[in-house]
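Novice:
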Amino acid sequence: MSNKKKIKGIKVKIVSGCIACGSCYAVEPRVFAAKTDMTSMVKKEYQEMVITDPELIEQVKLAAQACPAQVIKIEEVNVTDS
Ligand code: SF4
1 MSNKKKIKGI KVKIVSGCIA CGSCYAVEPR VFAAKTDMTS MVKKEYQEMV ITDPELIEQV
61 KLAAQACPAQ VIKIEEVNVT DS
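Note that this note's numbering has the sequence shown beginning at 1, numbered continuously upward.
(1) With respect to 7 Å, is the separation between the Cβ of T116 and the closest non-hydrogen atom of the ligand SF4 below this value?
(2) Smallest Cα separation from D81: which of L62, V50, C24?
(3) Quick check on A26: buried or exposed, where buried means 16 or more other Cβ atoms within 10 Å of its Cβ?
(4) Counting C-beta neighbours from all protein chains within 10 Å, is the total for I72 16 or more, i.e. buried, or is it exposed?
(5) Let me confirm a value: S16 is counted as buried when at least 16 other C-beta atoms fall within 10 Å, else exposed. Which label applies?
(6) Please state whether DSSP places V79 in a helix, a strand or coil.
(7) What residues in its chain sit with their C-beta under 8 Å from that of K6, if we drop five residues either side in the sequence?
(8) Hey, how far is the Cα of C18 from the Cα of K4?
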């Protein structure tokens, strides 16, 4: 029998339409950063990464909810821990 554990994770991206309000990188500066025009980007290290830390997931979800342009998109994924 397998002892592999299923873990819930998320991937996050920002689609076009950011209005540079600054909210997401104020809420979660580990994941989001301001570009030179003050629009937001997902930091390189999180662009393809599945985030599994529950605290960080909550923060990213909070940032997405706080986004007035609703351009932060979260994809829920299941990860198998081996
Ligand atoms: S919260 Fe939304 S609109 Fe504001 S900077 Fe972040 S992605 Fe852009």
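Ideal Cβ placement from N, Cα and C applies to all residues, glycine included.
Specialist: Reading from the atomic positions:
(1) Because residue 116 is not part of the residues shown, which for the chain are 1 to 82, the question remains open.
(2) As a position in the sequence shown, residue 81 is number 81, starting the count at 1. Ranking the options by Cα distance to D81, first place goes to V50.
(3) On the sequence shown, position 26 is the one that residue 26 refers to. Answer is exposed; the Cβ neighbour count stays below 16.
(4) What you label residue 72 is simply residue 72 of the sequence shown in a count that begins at 1. I72 is buried by the Cβ-count criterion.
(5) Residue 16 sits at position 16 when you count from the first residue of the sequence shown. It is exposed - the Cβ of S16 has fewer than 16 other Cβ atoms within 10 Å.
(6) Within the sequence shown, the letter at position 79 stands for residue 79. Reduced to three states, the DSSP call for V79 is strand.
(7) In the sequence shown, counting from the first residue as 1, residue 6 sits at position 6. Counting only Cβ-Cβ distances below 8 Å, and skipping sequence neighbours, we find N78, V79, T80, D81.
(8) Walking along the sequence shown from the start, residue 18 turns up at place 18. Walking along the sequence shown from the start, residue 4 turns up at place 4. Distance between the alpha carbons of C18 and K4 is about 39 Å.
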